[in-house]
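Protein chains in written order, with full-length UniProt numbering: chain A, 1 to 230; chain B, 1 to 421.
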């Protein structure tokens, strides 16, 4: 466990207009995430899990407060710089995998590295290695449509970690999987967390995920009501 | 750039991800551009045919005649062609042919018909009009030989009308210089065919020397046709003035007569040739607008369907500029395939019609508008290229608008209602 915070949220609020009323999706959240953390954000629907994930990932800007990544305030970054930040320092895993359908598993993973400026050869070599790590060495030339849901999510995990990001943000990664696949996926993420020291922040309702997390943060009405670290 | 390769590969594979949609867009590009190129070729062959008919039939490039000749071509418009004038024409390096162009009546054993009698010197007509070339092809010798002065060349349609044949005699009547009717009997030496049925039905050619002798018009003519040895190109034909220095000295030699250009003699042909570019532009604009509607409509639909995918790519770290490059490359690939197909089709079409398009079923109409009934499709690569670039450029430029709108991400769409915004 590292002790310098990778992510720090200080008094973060996010409010949305809904007609004449204002909805506070995130309300005065203070949070420190350390390198190597394996966190699960949980709570009822509408509790603010995804909004908090978006704010941490630089996909949205807080109405007030500040999010720091490696002690750098995200509000100081332009939109293009935030996009670069996501490409190099943050990995994303989505509920519906969101793989590029015209690319093979290998090409999907390599695509992120190529966009970072890696040569085609290096990108493919690194991607092959990561796909072996996630147990897809025999399926790496298949296209997403030829893979099961669990296999697609493994490819998505490989894509998220291939560039060795500081953190991986996963939004309901097991929501489309059965319990056996969910279990395997969680084991894989934990293994990568322990072996590579990658920080995972997972938003989920899934009890399996909550159970597996080292640190559990419960949200309700945009506020943190329970943090197992505290 | 390292990012170009994966984006290019992505764009190319995306084309075949939705084959039906890409097929529609490629078909629209192919049909639109092919129709523009076909229209270019058609207009080109039309204008070339019109110019060829205007210059090579009987009109030539310039004519020396009296001012009233165009309204009233008869014996009264005659003028003396002096030896000095002939010398000037001879030294001008232009082709020239003196004529007597007279209204006449042709009479066979069976019928009498009003005709247009042209008394010519076939040796001089050789480089000026179709009748000279006809005489050369048919090896009609002795037409200008004073030993055989009573010869006549007649259109085949007129022969049929008069129910006569080559070898028989026709009687011609026209007004003499004294105002009285003059008559002559001439033997038909040959019969010509012509793409313009009116020429074939109404034109008769006799030796100029015989006509001058018959009508007592020694060295007198009422028309001199002139032609530059250098072929007039379509581009030169569109220019309103001639830059031929010899014309000035010829003009001075004929102070009483007018030197008229083909542009003055055939204003309809000149207007049509000049407006060819405008016709091309109008067609390009019309097809361009239609293509734009079809293309933009399909593009908007496809971008709407792909908005989640584009958003996810943005989340993964692809900048809007990367996404725009991706979508523009997809559009460019579609337009390029459509362009290649339409060019290949047009080359094949032109090559498959070496004998031209036969419009003889519209012979009266083609004659009326002054073109041949055989249209030879050609291609002007420069024109094709410029029209293709203009069209594809405009489609890319306007296609960039929905692409730009679809990739204008600042933050996720779900934060649109954020208080900050």
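Every residue gets a Cβ at the ideal spot worked out from N, C-alpha and C, and that includes glycine. Bear in mind the structure is a predicted one, so any value in this text is a computation, not a measurement.
*DSSP puts residue 33 of chain A in a beta bridge; with which residues?*
According to DSSP, residue 33 of chain A shares a beta bridge with A:7.
*Closer than 7 Å by beta-carbon distance: list the chain A residues that pair up with residue 319 of chain B, in chain order.*
80, 83
*asked:* Can you pull out the residues from the region 55-75 of chain A whose beta carbon lies closer than 7 Å to at least one beta carbon of chain B?
replied: 59, 60, 61, 63
*Quick one: what's got a C-beta closer than 6 Å to residue 214 of chain A's C-beta in the same chain, skipping five residues either side?*
38
*Could you check where the alpha helix (DSSP H) with residue 304 of chain B kicks off and where it finishes?*
276-305
_Any beta carbon from chain B within less than 9 Å of residue 136 of chain A's own beta carbon?_
Against chain B, the CB of residue 136 of chain A has no partner CB under 9 Å away; the residue lies outside that interface.
*Taking Cβ-Cβ distances shorter than 7 Å, what residues in chain A pair up with residue 303 of chain B?*
Chain A residues near residue 303 of chain B: none, gap ~17 Å exceeds 7 Å.
*Can you tell me which of the three DSSP states residue 161 of chain A falls into?*
In the three-state reduction of the DSSP assignment, residue 161 of chain A falls in the helix class.
*Looking only at its own chain, which residues have a Cβ that is under 7 Å from the Cβ of residue 5 of chain A, when we skip the five neighbours before and after it?*
Short of 7 Å from the beta carbon of residue 5 of chain A, and not among the five residues preceding or following it, lie these beta carbons of its own chain, in chain order: 32, 33, 34.
*Looking at the unbroken alpha helix (DSSP H) that takes in residue 83 of chain B, where does it start and where does it end?*
83-91 is the span of the alpha helix (DSSP H), which, as asked, contains residue 83 of chain B.
_Assuming contact is defined by CB atoms lying nearer than 9 Å, are residue 113 of chain A and residue 123 of chain A in contact in what I supplied?_
yes
*Would you kindly report the start and end of the unbroken alpha helix (DSSP H) that includes residue 68 of chain A?*
Looking at the DSSP string, residue 68 of chain A is not in any alpha helix (DSSP H); the run it does join, the beta strand (DSSP E), is 64-69.
_9 Å is my cut-off, CB to CB: does residue 327 of chain B come that close to chain A?_
no
_For residue 151 of chain B, list the residues DSSP reports as bridge partners._
BP columns for residue 151 of chain B point to B:187.
*So residue 138 of chain A is in the alpha helix (DSSP H); what residue range does that whole segment cover?*
Premise fails: residue 138 of chain A is in no alpha helix (DSSP H) and is neither H nor E.
*Give the DSSP-derived three-state secondary structure of residue 255 of chain B in the structure shown.*
For residue 255 of chain B, the secondary structure class from DSSP, reduced to helix, strand or coil, is coil.
*Can you list, in chain order, the residues of its chain whose CB lies under 6 Å from that of residue 82 of chain A, leaving out five sequence neighbours each side?*
58
_Any beta carbon of chain D sitting closer than 9 Å to that of residue 193 of chain A?_
Among the protein chains of the structure shown, namely A and B, there is no chain D.
_Please identify, using Cβ separations under 7 Å, the residues of the region 15-30 of chain B that lie next to chain A, in order along the chain._
17
_With three or more beta-carbon pairs closer than 8 Å as the criterion, would you say the region 56-67 of chain B touches the region 175-192 of chain B?_
no
*Checking contacts by CB at 9 Å: is residue 414 of chain B closer than that to chain A?*
Any reading at residue 414 of chain B must be qualified, since the residue scores a pLDDT of 43, below 50, and its modelled position is unreliable; no value is offered.
*In terms of residue numbering, what span does the alpha helix (DSSP H) encompassing residue 406 of chain B cover?*
Start and end: 381-406.
*According to the Cβ coordinates, are residue 140 of chain B and residue 341 of chain B closer than 9 Å?*
no
*Can you tell me which of the three DSSP states residue 414 of chain B falls into?*
The predicted model places residue 414 of chain B with a pLDDT of 43, which falls under 50 and marks its position as unreliable; any figure quoted below should be read in that light. Of the three classes helix, strand and coil, the one that applies to residue 414 of chain B here is helix, per DSSP.
*Between B:269, B:51, B:63, B:231, which lies nearest to residue 89 of chain B when the distance is taken from Cα to Cα?*
With distances taken between CA atoms, residue 89 of chain B lies nearest to B:63 out of B:269, B:51, B:63, B:231.
*Any chance you could list the beta strand (DSSP E) runs of at least 3 consecutive residues sitting entirely within the region 154-201 of chain A, in chain order?*
167-171
*Hey, is the region 9-25 of chain A in contact with the region 202-218 of chain A, meaning 3+ C-beta pairs nearer than 8 Å?*
no
*So which residues of chain B does residue 94 of chain A contact, with C-beta pairs closer than 9 Å?*
312, 315
*Going along chain A in order, which residues have a C-beta closer than 9 Å to the C-beta of residue 354 of chain B?*
Ordered by position in chain A, no residue passes the 9 Å Cβ test against residue 354 of chain B, which lies about 44 Å from the chain.
*asked:* Within the continuous alpha helix (DSSP H) that includes residue 171 of chain B, where are the two ends?
replied: Careful: residue 171 of chain B lies outside any alpha helix (DSSP H), inside the beta strand (DSSP E) at 169-175.
*asked:* I need the straight-line Cα distance from residue 423 of chain B to residue 275 of chain B, nearest angstrom please.
replied: In this structure chain B extends from 1 to 421, so residue 423 of chain B is not present and cannot be described.
*For the beta strand (DSSP E) that residue 105 of chain B lies in, which residues bound it at each end?*
Run containing residue 105 of chain B: 95-107, per the beta strand (DSSP E) assignment.
*Could you check how far apart the C-beta atoms of residue 69 of chain A and residue 85 of chain A are, in whole angstroms? I think they sit under 8 Å.*
7 Å
*So, helix, strand or coil for residue 376 of chain B, using DSSP?*
The answer is coil: DSSP assigns residue 376 of chain B none of H, G, I, E or B.
*Determine the burial state of residue 124 of chain B: buried for a count of at least 16 other Cβ atoms within 10 Å of its Cβ, exposed for fewer.*
buried
_Please state whether the Cβ-Cβ distance between residue 45 of chain B and residue 376 of chain B is less than 9 Å._
Taking C-beta atoms as the reference points, residue 45 of chain B and residue 376 of chain B count as a pair closer than 9 Å.
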